[in-house]
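Q: Mind having a look at this structure? Questions to follow.
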Amino acid sequence: MTNLAVAGTGYVGLVAGVCFAEMGHHVTCVDIDEDKVNLLRDGISPIYETGLEELMRKNYAAGRIQYTTDYQAAYRAADAIFIGVGTPEQPDGSANLSYIATVARQIAESIEQDCLVVVKSTVPVGTNDKVEQFIRDFLVHDVKVEVASNPEFLAQGSAVHDTLHAERIIIGTESAWAEELLRRIYAPFQLPIVAVNRRSAEMIKYASNDFLALKISYMNDIANLCELVGADIQDVAQGMGYDPRIGNQFLNAGIGFGGSCFPKDTKALANLASQHGYELRTVQSAIRVNADQKTMLYKKASKRLITFNGLKVAVLGLTFKPGTDDLREAASLENVPLLLEQGAEVHAYDPVGAANFARLYPEGAHGKGSIRYVSDPEEALTEANVCFILTEWGEIRQLAPEAYHRLMRTPLVYDGRNLYEVAQMRDANVEYHSIGREPSL
Ligand code: UGA
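For what it's worth, this note's numbering labels the leading residue of the sequence shown as 1, then goes sequentially.
Written as structure tokens, this is what we have:
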């Protein structure tokens with residue numbers, strides 16, 4: 001058992017802390033927000049994540065995890081401190097490192113024994129060299145401190161599973177002492193460990209995320225071409241996926257990638273390259289394709305309809321993907337404002353994300369348009385003139401093609417997630433437009 005502290009109780013920090021506790025370590029999670037800490041102690045997670053609260057309660061009851069705002073006490077006794085605070089995007093696309101700097105300073109002022117500081121947050125290559133120097137500059141006690149990079153590969157919605165069953169653990173260290181300590185901490189997970197130097201570890205995180213973003217943008221680009229030449233992207237993806245060099249995952253064309261990672265990490269890497277006088281053309285292209293793809297359906301629908309003014313528009317799904325209440329960089333944030341500007345009456349449904357969306361767009365009038373939130377997808381479809389499917393929630397996928405025909409005033413559907421077979425929608429007499437496939441009519 002090792003004494004671990006975790007700075008930050010967001011996605012990365014909280015999930016890591018809980019999983020370390022589950023593996024038998026003694027963990028103290030630190031957050032500056034007193035209210036959040038109180039909720040955590042009550043077993044309430046600030047994020048929606050399958051299985052997380054169950055593990056929180058179990059490990060809290062077993063005394064393996066604690067939550068506190070008292071960072072000094074937590075850091076003083078830690079063998080290793082994991083940093084999982086945010087690195088939000090700045091207006092120029094670079095990563096904002098101010099939260100990391102604050103934690104680094106607190107660590108320097110608190111530690112009283114040799115300690116390994118492990119950065120889990122996604123940071124530009126080279127940052128951890130600076131974090132180490134920064135901590136050493138501000139050290140109060142004469143102790144050994146080193147910084148390691150240990151990037152996180154969990155996806156929202158499956159964070160606990162991804163952590164406990166990760167394909168690999170990347171550890172980036174500059175000494176045998178740091179590598180051995182991290183190997184020991186991760187030993188109970190029984191997962192493959194890739195040990196590299198610190199800068200390579202930092203780069204593995206960006207290169208992996210940006211590769212996946214590239215894959216998605218590539219499929220979206222090909223999907224748009226499929227529409228022009230009469231091919232079907234679903235069939236194309238299936239045929240491609242059999243080749244193990246390509247792989248059959250992340251080939252789904254749609255309305256672009258959202259979330260807190262791909263949009264930010266593509267821009268951050270392109271930005272890092274340009275700081276070094278290099279143009280990262282592949283990643284820049286992925287960013288450009290993605291920006292266009294987000295409003296692809298809206299553009300298609302605008303060509304088909306004279307106006308959205310006064311039309312009842314059903315919007316099914318608001319979050320950037322299912323299994324989360326997160327709206328960051330979601331296509332809904334671009335499409336709904338466009339619809340409202342055009343005077344549409346939006347009836348929005350999302351099983352989990354509606355409350356967050358309503359904070360940004362409260363129910364009622366917005367300029368010429370208006371928005372209402374409904375608690376089931378059928379209600380959104382009732383008497384609608386047009387429907388946009390933006391997130392592939394199971395509740396939406398389950399709707400039968402006939403439901404669109406039966407409930408809508410005009411069964412006109414724009415599906416950004418290719419949830420239905422075109423032929424099924426055709427048979428149900430629904431005018432169906434999707435991504436990279438022929439329309440049903
Ligand atoms: C992503 C990565 O998948 C994780 O490995 C990584 O650890 C995480 O970022 C991170 O850096 O923290 P996440 O953003 O939670 O995870 O979500 P994904 O499931 O990867 O989806 C991202 C976006 O891509 C979603 O908008 C999704 O709809 C879209 N997507 C995904 C597609 O459009 N097509 C696909 O085939 C797959």
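Note that the Cβ used here is the ideal one computed from N, Cα and C, for glycine as well.
Determine the extent of the beta strand (DSSP E) in which S452 is found, giving its start and end residues.
A: In the structure as shown, the chain starts at 1 and stops at 441, and residue 452 therefore has no counterpart that could be examined.
Q: Starting from the N-terminal side, write out each stretch of the alpha helix (DSSP H) that is 4 residues or longer and does not extend beyond the segment 295 to 367.
A: 296 to 304, 332 to 341 and 354 to 360
Q: In terms of DSSP beta bridges, what is I170 paired with?
A: V194
Q: Quick one: what does DSSP say L116 is sitting in, helix, strand or coil?
A: If DSSP states are grouped into helix, strand and coil, L116 belongs with the strands.
Q: Please state the DSSP three-state secondary structure of S149.
A: strand
Q: DSSP has S440 in a bridge; who is on the other side?
A: Paired residues: none, contrary to the question.
Q: If you run the structure through DSSP and keep just helix, strand and coil, what is S217?
A: helix
Q: Evaluate L228 with the Cβ neighbour count: other Cβ atoms within 10 Å of its Cβ, from every protein chain shown; 16 or more gives buried, anything less gives exposed.
A: exposed
Q: Hey, would you say the C-beta of T442 is under 8 Å away from at least one heavy atom of the ligand UGA?
A: The chain is shown only over 1 to 441; residue 442 falls outside these bounds and no answer can be derived.
Q: Could you check how far apart the C-beta atoms of F134 and A178 are, in whole angstroms? I think they sit under 8 Å.
A: About 17 Å separates the two Cβ atoms, so there is no contact after all.
Q: State the DSSP-derived secondary structure class of C261, mapped to helix, strand or coil.
A: When secondary structure is reduced to three states using DSSP, C261 falls in the coil class, being assigned neither helix nor strand.
Q: If you measure between the beta carbons of E202 and P124, is that distance less than 9 Å?
A: yes
Q: Touch check for the segment 214 to 221 and the segment 243 to 251: three-plus C-beta pairs under 8 Å?
A: yes
Q: Determine the direct distance from the alpha carbon of Q275 to that of P263, and round the result to whole angstroms.
A: 19 Å
Q: Which term fits R184, buried or exposed, when burial requires 16 or more other beta carbons within 10 angstroms of its beta carbon?
A: exposed
Q: When DSSP labels each residue in this structure, what does V140 get in the three-state scheme?
A: coil
Q: Helix or strand or just coil, what does DSSP make of D415?
A: strand
Q: Quick one: grab the DSSP three-state call for Y420.
A: coil
Q: State yes or no: is the beta carbon of V6 nearer than 9 Å to at least one beta carbon in chain C?
A: Among the protein chains of the structure shown there is no chain C, as only one such chain exists.
Q: Closest to N290 by CA distance: which of I306, E341 and A223 is it?
A: Of the candidates I306, E341 and A223, the residue whose Cα lies closest to the Cα of N290 is A223.
Q: So for H276, helix, strand or coil by DSSP?
A: coil
Q: Rank K58, H141 and Y11 by C-alpha distance to the C-alpha of G86 and give the top, closest one.
A: Y11
Q: Can you list, in chain order, the stretches of the beta strand (DSSP E) that have 3 or more residues and sit fully within the segment 49 to 126?
A: Runs of the beta strand (DSSP E) inside the segment 49 to 126: 65 to 68, 80 to 83 and 115 to 119.
Q: Around the Cβ of G317, are there at least 16 other Cβ atoms within 10 angstroms (buried) or fewer (exposed)?
A: buried
Q: Check whether the Cβ atoms of T163 and D79 sit closer than 9 Å, and answer yes or no.
A: no
Q: What first and last residue would you give for the alpha helix (DSSP H) that runs through T163?
A: A159 to L164
Q: May I ask you to list the residues that DSSP assigns as paired with V28?
A: Reading off the sequence shown, one finds Thr at residue 28, where the question assumed Val. Answer by DSSP bridge pairing, in chain order: A5 and Q66.
Q: Can you tell me whether DSSP reads E392 as helix, strand or coil?
A: Coil at E392, not helix or strand.
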